[in-house]
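S.K.: The structure is given below, and queries will be raised subsequently.
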Amino acid sequence: MSRTIAELAELVGGTVRGDGSLCIDSVATLAGAGEGQISFLANPRYRKQLDSSRASAVIIAPAEARNWDGNAIIVADPYLAYAKIATILSERTRHPSGIHPHASVNSAAEIHSSAYIGSHVVVEEGAVIGADACIGPGCVIGRHVEIGADSTLVANVTINEGCQLGERALIHPGVVIGSDGFGLANDEGRWVKVPQLGRVILGKDVEVGANTTIDRGAIEDTIIEDGVKLDNLIQVAHNVHIGENTAIAACTGIAGSTRIGKNCAIAGGVGILGHLEIVDGVTVTAMSLVTRSIKRPGVYSSGTPLEENRHWHRNYARFKQLDDMARRIKELEKIVAAKGS
Amino acid sequence: MSRTIAELAELVGGTVRGDGSLCIDSVATLAGAGEGQISFLANPRYRKQLDSSRASAVIIAPAEARNWDGNAIIVADPYLAYAKIATILSERTRHPSGIHPHASVNSAAEIHSSAYIGSHVVVEEGAVIGADACIGPGCVIGRHVEIGADSTLVANVTINEGCQLGERALIHPGVVIGSDGFGLANDEGRWVKVPQLGRVILGKDVEVGANTTIDRGAIEDTIIEDGVKLDNLIQVAHNVHIGENTAIAACTGIAGSTRIGKNCAIAGGVGILGHLEIVDGVTVTAMSLVTRSIKRPGVYSSGTPLEENRHWHRNYARFKQLDDMARRIKELEKIVAAKGS
Amino acid sequence: MSRTIAELAELVGGTVRGDGSLCIDSVATLAGAGEGQISFLANPRYRKQLDSSRASAVIIAPAEARNWDGNAIIVADPYLAYAKIATILSERTRHPSGIHPHASVNSAAEIHSSAYIGSHVVVEEGAVIGADACIGPGCVIGRHVEIGADSTLVANVTINEGCQLGERALIHPGVVIGSDGFGLANDEGRWVKVPQLGRVILGKDVEVGANTTIDRGAIEDTIIEDGVKLDNLIQVAHNVHIGENTAIAACTGIAGSTRIGKNCAIAGGVGILGHLEIVDGVTVTAMSLVTRSIKRPGVYSSGTPLEENRHWHRNYARFKQLDDMARRIKELEKIVAAKGS
Chain A
40 MSRTIAELAE
50 LVGGTVRGDG
60 SLCIDSVATL
70 AGAGEGQISF
80 LANPRYRKQL
90 DSSRASAVII
100 APAEARNWDG
110 NAIIVADPYL
120 AYAKIATILS
130 ERTRHPSGIH
140 PHASVNSAAE
150 IHSSAYIGSH
160 VVVEEGAVIG
170 ADACIGPGCV
180 IGRHVEIGAD
190 STLVANVTIN
200 EGCQLGERAL
210 IHPGVVIGSD
220 GFGLANDEGR
230 WVKVPQLGRV
240 ILGKDVEVGA
250 NTTIDRGAIE
260 DTIIEDGVKL
270 DNLIQVAHNV
280 HIGENTAIAA
290 CTGIAGSTRI
300 GKNCAIAGGV
310 GILGHLEIVD
320 GVTVTAMSLV
330 TRSIKRPGVY
340 SSGTPLEENR
350 HWHRNYARFK
360 QLDDMARRIK
370 ELEKIVAAKG
380 S
Chain B
40 MSRTIAELAE
50 LVGGTVRGDG
60 SLCIDSVATL
70 AGAGEGQISF
80 LANPRYRKQL
90 DSSRASAVII
100 APAEARNWDG
110 NAIIVADPYL
120 AYAKIATILS
130 ERTRHPSGIH
140 PHASVNSAAE
150 IHSSAYIGSH
160 VVVEEGAVIG
170 ADACIGPGCV
180 IGRHVEIGAD
190 STLVANVTIN
200 EGCQLGERAL
210 IHPGVVIGSD
220 GFGLANDEGR
230 WVKVPQLGRV
240 ILGKDVEVGA
250 NTTIDRGAIE
260 DTIIEDGVKL
270 DNLIQVAHNV
280 HIGENTAIAA
290 CTGIAGSTRI
300 GKNCAIAGGV
310 GILGHLEIVD
320 GVTVTAMSLV
330 TRSIKRPGVY
340 SSGTPLEENR
350 HWHRNYARFK
360 QLDDMARRIK
370 ELEKIVAAKG
380 S
Chain C
40 MSRTIAELAE
50 LVGGTVRGDG
60 SLCIDSVATL
70 AGAGEGQISF
80 LANPRYRKQL
90 DSSRASAVII
100 APAEARNWDG
110 NAIIVADPYL
120 AYAKIATILS
130 ERTRHPSGIH
140 PHASVNSAAE
150 IHSSAYIGSH
160 VVVEEGAVIG
170 ADACIGPGCV
180 IGRHVEIGAD
190 STLVANVTIN
200 EGCQLGERAL
210 IHPGVVIGSD
220 GFGLANDEGR
230 WVKVPQLGRV
240 ILGKDVEVGA
250 NTTIDRGAIE
260 DTIIEDGVKL
270 DNLIQVAHNV
280 HIGENTAIAA
290 CTGIAGSTRI
300 GKNCAIAGGV
310 GILGHLEIVD
320 GVTVTAMSLV
330 TRSIKRPGVY
340 SSGTPLEENR
350 HWHRNYARFK
360 QLDDMARRIK
370 ELEKIVAAKG
380 S
């Protein structure tokens, strides 16, 4: 899907510098680009690669434009412009519509005529698959599941009974949506299962990374709002509510009934306890543990620094004395103050 | 499966207050309940919802009963009673028995006539599937695997060769049981694989959450005892032994040959090193790292508090000086004591 | 595949003590071994089990040989020797070659005549499956994927378009290779997907544990070099580069574009931020967070010790005062020094 530099610039609201009529076929890194390829400079650490880049054009911010002599699309946010341009240039022909002969589709499921159902897919009774949806090989779509139009389930995805995915969902391999929440009541030492009767509801434009799990609600539903982006290997427990456009990085776990606001950015490996509320616009840094509700937007962190093991070990051992140290400082202050008087 | 309030009260050993003959169809939250629905009050934070609840009945503890005027089942442990009542009210007709025509079942596997084998399931040579077991779509059952009666494998579960699941196992999608343990011997920098020859043995009434992995033993077996409940995305390494009725929350990892006792509660995101022993009745809080054996029941924790990033960063940086600070406090104490004399 | 003690000793370059003509059928632990079984002593904590072991032979280091009277293979590294011997003794007949009738293989895929394609496998257009490769049930092999000779994909593995696996790859169930990296550009609060156009390239002799995910590169490729061993539930983000023979334990997450050197050992539950460089020969201990590049080989750690909850809580609370404590110590030192003068 090649385009001229001028066409691409128009697409992203940028200004052309140089030869706008030149044809661009694909994207590349500054270091790797050649004839017919466009690259971008977003992170200043790559600025020095401009000198030797053989890209046919570069997407660049006004403030950096003097560092590059060649053809350019000058635009305020080069990374965003790159995302849009790369999307256009890498567009592929869609999967054909239809049902693969090795799929098992229940006769009481509704499959839109423009949807594609891949090999070894199972679609159970009452499921509804929307227009232009693509259900890749090995996926299991439970009873009464609804998959919105233009959604893609890449492969080996499991969606359990009654869950709903909005339009343009992109679900990567191995994802499980609608597994039972971890609800247990204790009966004199033995665990009694609490039936998990809610659903998972995904809004529009939600992306879910490989092998991430989203549990169904215990009574009411687990809710993932429009535009939420989840990375790989994330755990979302029952009755969690994640607000619009929040993005969460890999290996994070969110315990039951916690409510995360809109436009939050949760880094990787974070743990968030249950029954908390996190307001809109909160950032949590990697591997932090959130043990209380967060009531003000901002950046939050926990944890200790990486050190060479032998240095770390000394400090680590002292952690157990921290309260004692605080008391002794206070005591010293008293003594010193008394003597000073 | 509707029941009268009186029938439900009898089921849970509770006392009826109000109209015991009223018919209940389903469960709901206090806030969401309406005609024909029963709710419960277990967590006092929801007490204020009693005022406006339109539930036809509420399961409630004696001490809270005065806060609700309507029909009630009064019982010591409302959450446990709710679990039992919700189970009865949500019971569904079972899957039919039989083998789906799109399953691949080896002729030398034994499938009980009452079991169900779903679409695209593979059952290999010598596997034994017990009475009333339900093997959902896309599951792979390896050679000589045994699946106990009344077990359910929801979908896309993999059970590798020789592993055994006791009665009433409930295995959620994407679970892998019997993958190779991470056994490696170093041969001048290159890794030589140590064959993983043991099995995984699950007792009765074990539940395993979505995408959790349980590795087979290196020589002897990995053992999960009766009544153990594992949440999603947990890693259980080779030769781990988990005692009866222990419950482990999501994203926890347990390294090889560690032995966890009975009735333990391990929170989410915990790491437990290998070759440790943890006695019965231990609780470990979220994201703690267990680096040594735990010899006494109790609650154990590690980690540091969540703070606003700029405050956290100051304290974080000081962690590297902790040993130095301890020494300087000691030195100050000596000087002050010497001057005092 | 039974062998004599002498044959096994020759295989591992060890010395026989006792009856070299005795036949060994299988391996066992010291405690569990009986007639016809060989065991080993590698970890001194098991030394006391030598006294009561009924193994027909033991693999043992010279320094320990006097603690065992029976038949022995004496060798410098008993664990490595055990690995090799166990491999020989547990060798099984290979899967037959051929394509299972329930597989879906695109006519434009190249399957080597000696390869095996299991039930419900999907192999898409242009994929190439090498000699003696074994693609287990439920695997999905995307367009133009290449699987090297002698590789095994156990079951339910997904390899997305264009990824390449070198010879002798061993990929455990539920693994996802080539899922999209988590690339997002922000457009006034909404996320725009950055197309993920690179591939994942695995070298030779790579092992990947159950449910681990390896994302494709954004523009260039994610690279896993020869001999890398990954445990279960690991996240490898886009454009990560992992050097030869590095081993990484379960539940670790590596963020985008980070480069890890050769012969590193990364323990379980570790987090490694993006765009870092870690040199060859680095060890990182469990649940550490790597926030900066590591430029010297060595052992690195972060984190705080496990304590009984009530003790921990006191120290935990003081962490927020750490910077304040450091300032107060400095102040005390000034006062004391001033008085001393």
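Those sequence lines, one after another, are chains A, B and C.
Taking this note's numbering, the leading residue of the first sequence gets 40, the next gets one more, and so forth.
Taking this note's numbering, the leading residue of the second sequence gets 40, the next gets one more, and so forth.
Taking this note's numbering, the leading residue of the third sequence gets 40, the next gets one more, and so forth.
By construction, the Cβ of each residue, glycine as well, lies at the ideal position given by its N, Cα and C atoms.
Keep in mind it's a predicted model, so treat the numbers as computed, not measured.
The beta strand (DSSP E) that contains Trp230(A), what's its start and end?
M.R.: Along the first sequence, one-based indexing puts residue 230(A) at 191. Note, Trp230(A): beta strand (DSSP E), Arg229 to Lys232.
S.K.: Residue ranges of each beta strand (DSSP E) run of no fewer than 3 residues wholly in the stretch 178 to 254 of chain B, ordered along the chain?
M.R.: Whole beta strand (DSSP E) segments, 3+ residues: 215 to 218, 223 to 226, 229 to 232, 239 to 241 and 252 to 254.
S.K.: What's the call for Thr132(A), buried or exposed, on a 16-neighbour Cβ count within 10 Å?
M.R.: Reading the first sequence from its first residue, position 93 is the one you call residue 132(A). Exposed, by the Cβ-count rule.
S.K.: Looking at C-alpha atoms only, which residue of Asp244(B), Val66(B) and Val144(B) is the closest neighbour of Val179(B)?
M.R.: Numbered from its first residue, the second sequence carries residue 179(B) at position 140. The option with the nearest alpha carbon to Val179(B) is Val144(B).
S.K.: State the start and end residues of the unbroken beta strand (DSSP E) segment that holds Arg56(A).
M.R.: As a working note, residue 56(A) is residue 17 in the first sequence. Looking at the DSSP string, the run of the beta strand (DSSP E) that includes Arg56(A) is Thr54 to Arg56.
S.K.: Less than 7 Å between C-beta atoms, sequence neighbours within five positions excluded: which residues of the same chain meet that for Ile138(A)?
M.R.: The residue you call residue 138(A) lines up with position 99 of the first sequence. Contacts found: Val144, Ile150 and Ile156.
S.K.: Consult DSSP for Lys301(A) and reduce its assignment to one of helix, strand or coil.
M.R.: As a first step, residue 301(A) is located in the first sequence; it is residue number 262 there, counting from the start. DSSP places Lys301(A) in coil when its eight states are reduced to three.
S.K.: For Ile198(B) and Gly217(B), what's the separation of their Cα atoms in angstroms?
M.R.: What you label residue 198(B) is simply residue 159 of the second sequence in a count that begins at 1. What you label residue 217(B) is simply residue 178 of the second sequence in a count that begins at 1. In a straight line, the C-alpha of Ile198(B) is about 6 Å away from that of Gly217(B).
S.K.: For Ser136(A), which residues from the same chain have a beta carbon less than 7 Å from its beta carbon, with the 5 sequence-adjacent residues on both sides left out?
M.R.: Mapped onto the first sequence, residue 136(A) falls at position 97. Here the set comprises Ser152, Ser153, Ala154 and Tyr155.
S.K.: Scan the stretch 297 to 325 of chain A for residues whose Cβ lies nearer than 7 Å to a Cβ of chain B and list them as they occur along the chain.
M.R.: Result list: Gly310, Leu312 and Thr324.
S.K.: Return the CA-CA distance between Phe79(B) and Leu61(B), expressed in angstroms with no decimal places.
M.R.: Counting from 1 along the second sequence, the entry for residue 79(B) is found at position 40. Counting from 1 along the second sequence, the entry for residue 61(B) is found at position 22. Answer to the nearest angstrom: the Cα atoms are 16 Å apart.
S.K.: Which residues in chain C have a C-beta closer than 8 Å to the C-beta of Lys232(B)? List them in chain order.
M.R.: Locating residue 232(B) in the second sequence gives position 193, counting from the first residue. Those are Ala122, Thr126, Leu209 and Glu246, listed as they occur along chain C.
S.K.: Between the C-alpha atoms of Gly342(B) and Gly242(A), what's the straight-line distance to the nearest angstrom?
M.R.: Walking along the second sequence from the start, residue 342(B) turns up at place 303. Walking along the first sequence from the start, residue 242(A) turns up at place 203. Roughly 35 Å between the two C-alpha positions.
S.K.: Quick check on Asp362(C) - is its C-beta less than 8 Å from some C-beta in chain A?
M.R.: Start at 1 with the first residue of the third sequence, and residue 362(C) comes out as number 323. Output row for Asp362(C): interface = no.
S.K.: At the 8 Å Cβ level, is Gln274(A) part of the contact set with chain B, yes or no?
M.R.: Within the first sequence, the letter at position 235 stands for residue 274(A). By this cut-off, Gln274(A) is an interface position.
S.K.: Judging by CA-CA distance, which residue of Asn348(A), Trp230(A), Ser340(A) and Leu192(A) is the nearest neighbour of Thr324(C)?
M.R.: In the third sequence, residue 324(C) corresponds to position 285, counting from 1. Among Asn348(A), Trp230(A), Ser340(A) and Leu192(A), the Cα nearest to that of Thr324(C) belongs to Asn348(A).
S.K.: For Val318(A), which of helix, strand or coil comes out of DSSP?
M.R.: Your numbering for residue 318(A) matches position 279 in the first sequence. If DSSP states are grouped into helix, strand and coil, Val318(A) belongs with coil.
S.K.: Going by DSSP, which residues form a beta bridge with Phe79(B)?
M.R.: Reading the second sequence from its first residue, position 40 is the one you call residue 79(B). Paired residues: Ile98(B).
S.K.: Reducing DSSP to helix, strand and coil, say where His280(B) ends up.
M.R.: Here residue 280(B) refers to the residue found at position 241 when the second sequence is read from its first residue. If DSSP states are grouped into helix, strand and coil, His280(B) belongs with the strands.
S.K.: When the Cα atoms are used, what is the spatial distance from His27(C) to Ala147(A)?
M.R.: There is simply no residue 27(C) to check, as chain C begins at 40 and stops at 380 in what is shown.
S.K.: Are any of the Cβ atoms in chain A nearer than 8 Å to that of Thr285(C)?
M.R.: For this step, residue 285(C) is matched to residue 246 along the third sequence. Not closer than 8 Å to any Cβ of chain A, the Cβ of Thr285(C) fails to qualify, so no.
S.K.: So the beta strand (DSSP E) Tyr121(C) belongs to, where does it begin and stop?
M.R.: Numbered from 1 along the third sequence, position 82 holds the residue referred to as residue 121(C). Counting along the chain, Tyr121(C) falls outside any beta strand (DSSP E), though it belongs to the alpha helix (DSSP H) covering Pro117 to Leu128.
S.K.: Alpha carbon to alpha carbon, how far is Phe358(B) from Leu315(C)?
M.R.: Within the second sequence, the letter at position 319 stands for residue 358(B). Within the third sequence, the letter at position 276 stands for residue 315(C). Roughly 22 Å between the two C-alpha positions.
S.K.: Between the C-alpha atoms of Glu163(C) and Gln203(C), what's the straight-line distance to the nearest angstrom?
M.R.: Taking the first residue of the third sequence as 1, we reach residue 163(C) at position 124. Taking the first residue of the third sequence as 1, we reach residue 203(C) at position 164. Near 14 Å, if we compare the C-alpha coordinates of Gln203(C) and Glu163(C).
S.K.: Excluding sequence positions up to five away, which residues of its chain have a Cβ less than 6 Å from the Cβ of Val247(A)?
M.R.: By one-based count along the first sequence, residue 247(A) stands at place 208. Once the five neighbours on either side are set aside, the close Cβ partners of Val247(A) are Ile210, Val214 and Leu269.
S.K.: What residues in its chain sit with their C-beta under 8 Å from that of Val51(C), if we drop five residues either side in the sequence?
M.R.: As a working note, residue 51(C) is residue 12 in the third sequence. For Val51(C), where only same-chain residues beyond five positions count, the Cβ hits under 8 Å are Ile98, Ile112, Val114, Leu119, Ala120, Lys123 and Ile124.
S.K.: Determine the direct distance from the alpha carbon of Gly201(C) to that of Asp363(B), and round the result to whole angstroms.
M.R.: By 1-based counting over the second sequence, the position of residue 363(B) is 324. By 1-based counting over the third sequence, the position of residue 201(C) is 162. Whole-angstrom Cα-Cα distance: 54 Å.
S.K.: Starting from Ile44(B) and walking both ways along the alpha helix (DSSP H), at which residues does that stretch end?
M.R.: As a first step, residue 44(B) is located in the second sequence; it is residue number 5 there, counting from the start. Ile44 to Val51 is the extent of the alpha helix (DSSP H) around Ile44(B).
S.K.: Which value, in whole angstroms, describes the spacing of the CA atoms of Val231(B) and Ala224(B)?
M.R.: Position 192 of the second sequence, counted from the first residue, corresponds to residue 231(B). Position 185 of the second sequence, counted from the first residue, corresponds to residue 224(B). Taking the straight line from one Cα to the other gives about 5 Å.
S.K.: Is the shortest distance between the beta-carbon of Asp270(B) and the beta-carbons of chain A less than 8 Å?
M.R.: On the second sequence, residue 270(B) is found 231 positions in, with the first residue counted as 1. Output row for Asp270(B): interface = yes.
S.K.: Under 6 Å Cβ to Cβ from Thr9(C), same chain only, skipping five residues before and after it: list those, please.
M.R.: This structure does not reach residue 9(C), given that chain C is present from 40 up to 380, and the question cannot be answered.
S.K.: How many whole angstroms separate the CB atoms of Gly175(A) and Ala194(A), which I take to be in contact at a CB cut-off of 8 Å?
M.R.: The sequence position of residue 175(A) within the first sequence is 136, counting from 1. The sequence position of residue 194(A) within the first sequence is 155, counting from 1. Confirmed, Cβ separation roughly 4 Å.
S.K.: Using 10 angstroms around the beta-carbon of Ser190(C), count the other beta-carbons present and answer buried if the total reaches 16, otherwise exposed.
M.R.: As a first step, residue 190(C) is located in the third sequence; it is residue number 151 there, counting from the start. Ser190(C) should be labelled buried.
S.K.: In the DSSP output, what is Ile138(C) paired with across the bridge?
M.R.: Here the question's residue 138(C) lines up with position 99 in the third sequence. The partner list for Ile138(C) (beta bridge, DSSP) reads Ile156(C).
S.K.: With Tyr339(B) as the anchor, note down where its alpha helix (DSSP H) starts and where it stops.
M.R.: The residue given as residue 339(B) occupies position 300 in the second sequence. From DSSP, Tyr339(B) is part of no alpha helix (DSSP H) but of the beta strand (DSSP E) over Gly337 to Ser340.
S.K.: Less than 8 Å between the beta carbons of Val245(B) and Ala276(B), yes or no?
M.R.: Numbered from its first residue, the second sequence carries residue 245(B) at position 206. Numbered from its first residue, the second sequence carries residue 276(B) at position 237. No; because the gap between Cβ atoms is not below 8 Å, this pair is not in contact.
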